[in-house]
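In the numbering used here, the protein residues as written are 55 to 393. Each residue gets a CB set at the ideal place from its N, CA and C atoms; glycine is no exception. Just so it is clear, the structure is predicted and the values come from calculations on it, not from any experiment. Have a look at the structure below, then the notes.
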C-alpha cells in the first residue's frame, strides 16, 4: 500500500507550469502502481479449479476405504503365513487386545501342525499352499484363498524363506516363489475381495540398497529383489487405496522368540521386544536387529491406527521405552507428512 500512497501524493503537488502534464503523469503512475499491487494480490490467491479445467491431479485414496480401514471391535484379521514367529505373536496380541474381540484366522500348509502351534481354539486355520497349483483334498489354491479372505477386514502377509539355498527351498520354496509370486497372489486376491480394506506386508530392510553391504551379500540369490517385487505387487493391487490401504513394514534382522524349544527359552531368559523401543524411519533406511515381539507390535499398530495408510517404513530395535498408542499414531502421521 505504501507504493500506492506515494503515487497519490503526486497530483497534490503545486506547480506553476506544465500543471496539466504533471497531472497526466501522476495519473499514469497511479494506475501503474494499482495494477502492480493488484497483480501481487493475484499471486497470493489460492488456485481455484473450475468445472471446465481439465488439468488432472494425482488420485486420492478412496474416502470410504481410508476412513474405515483401521480395525474396529469384532473385525476379522487373516494372517497369511500364520505359523511364523512374528505371525504367532501378532495372533496373540490381537487375541489379547482388551474389549476388541477380534476374529483371527491363519493360513498354513499343514493345518494340524498349525493348530497345535497356535494352540488357541478361537483361531481358525485355513489350508493354503501358495507355491503349488495342484488340487488336493482341501481344494485348489484359489478356492482356499478366497474362502480364507471371505469376511476379512485386514490381511497380514508374513511369508518368507531362507536367503541362501537350504532344505527349505525344497518343493519350490525359493525367494521368487514365496516372496514375490505368493505375495502377489494374496495381494491380487485381496484386491478382488469385497471385505478387505487394509493389507500389511512384512518384508526386510535392504530392499532398496542391494548394491550396498551387507545387503549385497544377502541378495546373492535374489531374496531382496523378490521381496521388493512383492512390495510392488501390493502397491499395484492397492491402486492408491482404491482397493485397500496398505502398509509395508521392513524390519531389521529378526531376533528373539518365539522358539519351539521351551527349555532353551527358559535357559536364555529371552525377553519380548515390546519392552524396548523401535526406531521407525520412512522408506528403507534402517540397519540393525529387530526383536520379533516389537515387530509384531508394529504390525498390530498398523492394523489399528487410522494414520497408517499407504506407508512403507523400516524398524529396528533400540533400548528406549516402547512407543505408546498415541506415539504410534503421531509416528505414522509423521511418516505420511500429516504432522
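- With contact defined as three or more Cβ pairs closer than 8 Å, the stretch 272-288 and the stretch 221-231 are in contact.
- By the criterion of a C-beta distance shorter than 6 Å, residue 261 is surrounded in its chain by 278, 281, 282 and 338, once the five residues flanking it on both sides are discounted.
- Out of 240, 162 and 273, the CA that lies nearest to the CA of residue 142 is found in 162.
- Two segments are said to touch when three or more pairs of C-beta atoms, one from each, lie closer than 8 Å; by this definition the stretch 346-360 touches the stretch 128-144.
- When rounded, the separation of the alpha-carbon atoms in residue 370 and residue 259 is 9 Å.
- Nearest C-alpha to residue 244 among 132, 216 and 213: 132.
- If only complete runs of 4 or more residues are kept, the stretch 197-257 shows the alpha helix (DSSP H) at 237-246, in order along the chain.
- In this structure the stretch 160-177 does not lie against the stretch 365-385, because fewer than three pairs of beta carbons, one per stretch, are closer than 8 Å.
- Within a 10 Å sphere around the beta-carbon of residue 152 sit fewer than 16 other beta-carbons, which makes this residue exposed.
- At a Cβ-Cβ threshold of 8 Å, residue 140 and residue 148 do not count as neighbours.
- When secondary structure is reduced to three states using DSSP, residue 147 falls in the helix class.
- Restricting attention to 178, 125 and 250, the CA atom closest to the CA of residue 137 is found in 178.
- In this structure, DSSP gives residue 292 a helical state, which the three-state scheme calls helix.
- Here residue 174 has no same chain residue with a Cβ atom under 6 Å from its own Cβ, once five neighbours each way along the sequence are excluded.
- Between the stretch 192-206 and the stretch 217-226, the count of Cβ pairs shorter than 8 Å is below three; the stretches do not touch.
- Within the same chain, Cβ atoms closer than 6 Å to the Cβ of residue 356 are found at 254, 301 and 362, the five residues on either side in sequence being excluded.
- The three-state reading of DSSP puts residue 375 in coil, since its state is none of H, G, I, E or B.
- In terms of Cβ geometry, residue 209 and residue 240 form a close pair [threshold 8 Å].
- Contact between residue 293 and residue 251 is absent: CB atoms are separated by about 13 Å, not below the 8 Å threshold.
- Judged by DSSP in its simplified three-state form, residue 178 adopts strand.
- Within the model, the alpha-carbon separation for residue 389 versus residue 271 is close to 29 Å.
- Note that the C-beta distance between residue 346 and residue 391 is not below 8 Å.
- When only Cα atoms are considered, residue 332 and residue 342 end up about 11 Å apart.
- With a threshold of 16 other beta carbon atoms within 10 Å, residue 377 meets it and is buried.
- Here residue 336 has 367 and 389 as same chain residues with Cβ atoms under 7 Å from its own Cβ, once five neighbours each way along the sequence are excluded.
- Of the candidates 290, 218, 382 and 296, 382 places its Cα closest to the Cα of residue 334.
- Residue 218 is classed as exposed because its beta carbon has fewer than 16 other beta carbons within 10 Å across all chains shown.
- In the structure shown, residue 193 falls within a strand segment according to DSSP collapsed to helix, strand and coil.
- The continuous stretches of beta strand (DSSP E) do not include residue 362, and DSSP gives it neither H nor E.
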